[in-house]
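Right, one structure below, let's go through it.
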Amino acid sequence: NIVVHEFATLCLTSLSVDFSYKIQIFEHKGLEPLIQLLSSPDPDVKKNSVECIFNLVQ
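For the sequence shown, full-length UniProt numbering gives the first residue as 1, with consecutive numbering after it.
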């Protein structure tokens, strides 16, 4: 569901600015689904995924 993906990626983006949450996202293998969501037809899902990935690699 695109709406669920949009808000889930938005939440992850907010969490990913905190170092302890970055670790949790990596430990729970959250990066791969974010990469897969880059091919979503919804531009907001793509934007949120890119922002989250950006935060994770900083």
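The C-beta atom is built at its ideal place from N, Cα and C for all residues, glycine as well.
On a predicted model such as this, the values are computed, not experimentally measured, just so you know.
Problem - Endpoints, the alpha helix (DSSP H) within which D44 is located - result: Taken as a continuous stretch (DSSP letters only), the alpha helix (DSSP H) holding D44 covers P43 to V57.
Handout entry: Burial state of L34, where buried means 16 or more other Cβ atoms lie within 10 Å
Key = With 16 or more other CB atoms across the displayed protein chains lying within 10 angstroms of its CB, L34 is buried.
Exercise for the section: Note down, in chain order, each residue of its chain lying with its Cβ closer than 6 Å to the Cβ of V3, except the 5 sequence neighbours on either side. Expected result: Cβ contact annotation for V3 (same chain, cutoff 6 Å, sequence separation greater than five): none.
Handout entry: Within 8 Å, strictly: CB atoms of I25 and L12
Key = Contact flag set, yes.
Problem - Among K46, L10 and G30, nearest to L37 - alpha-carbon criterion - result: Out of K46, L10 and G30, K46 has the C-alpha closest to the C-alpha of L37.
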